Amino acid sequence: MERNVKVKIDHVEKIYDGRQGKMIALNGVDLDIYENEFICVVGPSGCGKSTLLNIIAGLLEPTSGAVYVNGKKVEGTGTERGVVFQQYALFPWMTVLKNVMFGLKLKGMSDAEAREIAMKYIRMVQLEDFVDAYPKELSGGMKQRVAIARAYAVQPEVLLMDEPFGALDAQTRTQLQSELIQTWQEEKKTCFFITHDVEEAIILATKVIVMSARPGRIKTIIDINLPYPRTQDLKMQKEFLDLKAQIWGEVYQEYLEVRK
Amino acid sequence: MLNKKKNFIDRIPNWGWLMISLATAIVLWYFLSIGERTGRCFPFIDKIYVAIKTVIEREILWADIQSSMISVIMGFFFGFISSVPVAFLMAWYRPVRYIVEPWIQFIRNIPPLAYVPLVVIGAGVGRVPQVIVIWLATFLTMTITIYQGVRNVDETLIKAARVLGAKDRDLFVKVIFPATTPFILTAVRLGASVALTTLIAAESTGAFAGLGMRIRSFNNSYEVEPMLLYIILIGIIGISIEKIIKLLEKKLTGWQETRDV
């Protein structure tokens, strides 16, 4: 099966010039992400996973190397790449509806048009009863649902998620995982998802990438061939547990490296 | 026991507490007014009431309020419209910040009364120096407050807007400006308060009317009752302005997670 390379990460290097001298955050990262792949990146803190995501998003410039989306070099942000942040980043002065409409309005849509599309995605994340609520009235899980709806609404081809469920409690987290799997199956996107929860990575991903720390680079790539639709029950099955043991082992080695 | 106590506090409504607070103040005031020494500077309500009639008869009360309000409003207005651009420039361009901020902090710590004579030497007497003094004081306070607000805008909100397709202009109009609104309103509140507290200094510039000017003139003629009346009046005006602005804040920034600065 011939598949399109959606995102090409071509020898990306990022060096920060800090007070304590140069810090190599990313040391020559190469990766091809195919269309509709769900990539989960795991690795210890400080392995440069967020830096990599920000470079793909166009929010950071690599020191050398480049990222290509659909063969076009990334220079700055673009609406074909959507981002979901860990801190939700909802506009607190806007209602749920206005938040989801934000990107659509920037595309030059009329109010009616934007509202219709926004409502579709608000329904998708099951928040139709909260369209007129302000973010402060929502729980963390609901806020992140709004952020996901907002990212989906502008219909990016690539969805970048930076530990989106990291700040949520365990129960909400598993619930949102299930919802995200379902959403992704309904409306396929190329996803690049950062987490440090190995279980989360396996249940979501078609491919898990383990990064090593200092300097950050890709250590291992593991294909996850578990069947869809995936449910939380999967977490009890042998294939899942084997994968978990394998990936956890890889990551744990890196934790030990960092602690040295 | 503790629970019961809480109930007693909660059972009395807010306005009830306000009444109790007022009554307490009046009782305290009464005791001050009968003291030999304190009585000289705290004449009781009945004498203040007489003073109200006196100042109305002399046709100075409304003229004084009007004059003071014109100075406060003009000074505040100029202070506001000049502080907003300066605050944004300071937040965005580091050279501006490095050059301007130390001086704002420096001048802010000098009591306005100290530089009033300088203003008079430069601008003469009358309305102009009053407005200049209030302008300066409100400008300094509001610039610092708004500047901090602009710098406090959550970086991830700007990132989020960018990835959703916002250009620089959209960022300013749709993100930075609304995110700064709470700070601008706080600045307005602090600025209004500073405008009023600077009034006395401003009107020592040889004003012809005004609440602050009149207090000095009552002082010269040993008229304690109207003096106290005017002091209370300034307080009432101050708290009224603050209440109005707070109402405005509630209306415009009700979306905020935490309030009260």
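Chains as they are written, first to last, in the numbering used here: chain A, 62 to 321; chain B, 717 to 977.
Ideal placement from N, C-alpha and C gives every residue a C-beta, glycine not left out.
From a predicted model like this one, the values you see are computed outputs, not experimental measurements.
Excluding sequence positions up to five before and after A:Lys-75, its CB lies within less than 6 Å of the CB of Ala-86, Leu-87, Thr-112, Pro-123 and Thr-124, all in the same chain and listed in chain order.
For B:Gly-865, the three-state secondary structure derived from DSSP is helix. Chain B places no beta carbon closer than 8 Å to that of A:Thr-112, leaving this residue out of the contacts.
Interface criterion met: the Cβ of A:Gly-143 is under 8 Å from a Cβ in chain B. Within chain A, no residue has its CB atom less than 9 Å from the CB of B:Gly-865, the nearest being about 13 Å off.
A distance below 8 Å separates the beta carbons of B:Val-832 and B:Val-849.
Within the region 849 to 899 of chain B, the runs of alpha helix (DSSP H) at least 4 residues long that lie entirely inside it are, in chain order, 871 to 879.
Its Cα nearest to that of B:Pro-759, the residue B:Trp-745 stands out among B:Thr-770, B:Trp-745, B:Lys-769 and B:Val-771. The C-beta distance from B:Gly-795 to B:Gly-928 rounds to 17 Å, too long to fall under 8 Å, and the pair is not in contact.
Assigned with DSSP and collapsed to three states, A:Met-84 falls in strand.
In this structure, A:Met-203 places its C-beta atom within 8 Å of the C-beta atom of A:Leu-188. Chain-ordered, the chain B residues with CB closer than 8 Å to the CB of A:Val-215 read Leu-880 and Gly-881. Taking a Cβ-Cβ cut-off of 9 Å, the neighbours of B:Glu-973 in chain A comprise Pro-153, Pro-196 and Lys-197, given in sequence order. Uninterrupted alpha helix (DSSP H) stretches at least 4 residues long and entirely within the region 224 to 254 of chain A occur at 231 to 247, given in chain order.
Nearest Cα to B:Phe-855 within the set B:Glu-919, B:Arg-843, B:Ile-823 and B:Asn-868: B:Ile-823. Closest in alpha carbon position to A:Ala-194, among B:Asn-723, B:Phe-724 and B:Glu-973, is B:Glu-973. Looking only at A:Gly-310, A:Glu-318 and A:Ile-279, the smallest Cα-Cα distance to A:Val-73 is reached by A:Ile-279. C-alpha of A:Gln-246 to C-alpha of A:Cys-252: approximately 12 Å in a straight line.
Residue environment for B:Tyr-814: exposed (fewer than 16 other C-beta atoms within 10 angstroms of its C-beta). Here A:Gln-293 has Thr-235 and Ser-239 as same chain residues with Cβ atoms under 7 Å from its own Cβ, once five neighbours each way along the sequence are excluded. Boundaries around A:Lys-75 are those of the beta strand (DSSP E), 66 to 79, since no alpha helix (DSSP H) includes it. Distances from the CA of B:Glu-817 to each of B:Leu-805, B:Val-910 and B:Pro-827 were compared; the closest alpha carbon is that of B:Leu-805.
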